[in-house]
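The structure appears below as structure tokens.
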Amino acid sequence: MAIEIPPETRTFVDVLFAPLNVVSAAHSFPHLGHLAANLLSAFPNRDELQVTIDRQKSKYFATASVEAWHRAIHSFLISCSLTSASPLWSSVSGYYASHYAMRALAHLLGYFLLYDRKLVIRMTLDHGGHHCSAIKKDAGSGEHKFYWKIVKKSPCFSADPLFTLNPEKADISDSGHRNRANYADHVSGFPQFAPLEKVSLTSRVEKISSIEMQVPPIPNRRSYPDLESVQIVAYHRIVRYRRIVDEILGGKNRFWTVQRSPAFANEYCDYQITESGNLSIYRKTL
Numbered sequence: 001m002a003i004e005i006p007p008e009t010r011t012f013v014d015v016l017f018a019p020l021n022v023v024s025a026a027h028s029f030p031h032l033g034h035l036a037a038n039l040l041s042a043f044p045n046r047d048e049l050q051v052t053i054d055r056q057k058s059k060y061f062a063t064a065s066v067e068a069w070h071r072a073i074h075s076f077l078i079s080c081s082l083t084s085a086s087p088l089w090s091s092v093s094g095y096y097a098s099h100y101a102m103r104a105l106a107h108l109l110g111y112f113l114l115y116d117r118k119l120v121i122r123m124t125l126d127h128g129g130h131h132c133s134a135i136k137k138d139a140g141s142g143e144h145k146f147y148w149k150i151v152k153k154s155p156c157f158s159a160d161p162l163f164t165l166n167p168e169k170a171d172i173s174d175s176g177h178r179n180r181a182n183y184a185d186h187v188s189g190f191p192q193f194a195p196l197e198k199v200s201l202t203s204r205v206e207k208i209s210s211i212e213m214q215v216p217p218i219p220n221r222r223s224y225p226d227l228e229s230v231q232i233v234a235y236h237r238i239v240r241y242r243r244i245v246d247e248i249l250g251g252k253n254r255f256w257t258v259q260r261s262p263a264f265a266n267e268y269c270d271y272q273i274t275e276s277g278n279l280s281i282y283r284k285t286l
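In this note's numbering, the protein residues as written are 1 to 286.
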């Protein structure tokens with residue numbers, strides 16, 4: 001699927017990553033919670049709702065985005081490795097692979113939930129400077145609704161069926177399927193634990209990456225554990241993030257050039273997808 005990226009999004013992401021092009025890419029990730037700490041300092045209370053932050057602080061939206069994407073890849077590999085050993089945790093970790101991909105995209109668009117202040121932070125670019133505005137977080141701004149909603153309303157993704165609003169109570173829903181695994185009683189069905197070894201894991205990822213897909217198979221809680229769907233959409237969302245950042249930065253940012261292929265996944269992921277065809281081919285062969 002061709003990716004339509006609005007000019008303002010291209011400019012925003014390019015400016016966000018620019019400070020990372022002049023430092024060592026191997027040591028550019030800050031310490032745990034650094035973006036949140038900087039935003040807590042910028043918003044000392046819930047009454048100050050408009051601030052300006054410098055480029056050195058705004059770059060942490062970029063590093064937080066890439067780090068969340070790395071989490072998505074790691075969670076996807078865990079899901080694949082547990083396919084036979086634990087359908088329960090394969091399902092949950094597969095969901096989080098999708099969720100972290102959504103969170104990565106939301107950070108890339110300049111959004112962050114600041115829990116300690118109960119604020120929703122949005123960063124915008126105005127006359128070369130980054131401005132952070134905040135609104136008070138309400139009950140409808142939980143992480144598993146908020147980040148998905150931000151991505152879905154973006155012009156990049158609003159018409160893309162791979163990205164959804166993630167309703168919790170719908171049958172066809174990533175979150176609804178995850179909730180069945182996490183919260184339903186008597187899930188049962190625990191096989192003898194035998195994790196996939198390297199060859200089997202590689203084979204599983206290769207099969208998922210070669211899917212011919214016309215319509216994204218959003219997981220169905222009535223079909224739990226719908227592992228094929230969970231892993232398919234997670235993988236495609238991970239690949240979509242990589243393609244978008246590649247398209248915007250064009251191989252010119254040293255940080256992204258290194259971090260676009262995390263070492264822990266190099267043996268398993270080539271980030272290739274098959275863009276057309278019939279999903280039934282996959283369901284008969286996997």
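Note that CB positions come from ideal geometry on N, CA and C, so glycine has one too.
Check	Outcome
Cβ neighbour criterion (16 or more within 10 Å) applied to S261	exposed
Three-state secondary structure assigned by DSSP to E206	helix
Residue nearest to V258 in terms of C-alpha spacing, selected from F163, T9, L20, E247	L20
C-beta neighbour in chain B for H236, strict 8 angstroms	The chain labelled as chain B is not found in the depicted structure, where only one protein chain is given.
Stretch-stretch touch, CB-based, cutoff 8 angstroms, three pairs: the region 115-131 with the region 200-216	no
Stretch-stretch touch, CB-based, cutoff 8 angstroms, three pairs: the region 54-65 with the region 148-165	no
Distance, L40 Cα to D126 Cα	22 angstroms
Unbroken beta strand (DSSP E) run spanning H130, endpoints	129-136
Same chain, Cβ closer than 7 angstroms to Y271, neighbours up to 5 away in sequence not counted	V239, R242
Residues that L120 bridges to, as DSSP identifies them	As written in the sequence, residue 120 is Val, which differs from the Leu given in the question. Paired residues: L113, I135.
Counted within 10 angstroms of its Cβ, other Cβ atoms place G250 as buried (16 or more) or exposed	exposed
Endpoints, the beta strand (DSSP E) within which I244 is located	From DSSP, I244 is part of no beta strand (DSSP E) but of the alpha helix (DSSP H) over 227-249.
Alpha carbon of I248 to alpha carbon of V13, nearest angstrom	7 angstroms
Residues of its chain near H34, where Cβ-Cβ distance is below 7 angstroms and the 5 sequence neighbours each way are ignored	Y60
Rounded straight-line distance, which links the Cα of H130 to that of L49	14 angstroms
Span separating the alpha-carbon of V187 from that of A181	7 angstroms
Whole-angstrom distance between N220 and S154, CA atom to CA atom	25 angstroms
Euclidean distance between Cα positions of D171 and H177	7 angstroms
Helix, strand or coil at L125 [DSSP, three-state]	strand
Residue closest to Y268, alpha-carbon to alpha-carbon, out of S98, K149, V205, Y183	V205
Local conformation of I5 per DSSP, three classes	coil
Status (buried if at least 16 other CB within 10 Å, exposed otherwise) for E228	buried
DSSP state of T164 mapped onto helix, strand, coil	coil
8 angstroms contact criterion, which I244 and I5 should meet: CB distance rounded	7 angstroms
Span separating the alpha-carbon of N287 from that of H99	It is not possible to answer for residue 287, since the shown part of the chain is limited to 1 through 286.
Sheet register partners of T52 (DSSP bridge)	H131
Assigned secondary structure, T63 (DSSP; H/G/I helix, E/B strand, else coil)	helix
Minimum C-alpha distance to T274 - residue among F17, I218, H236	H236
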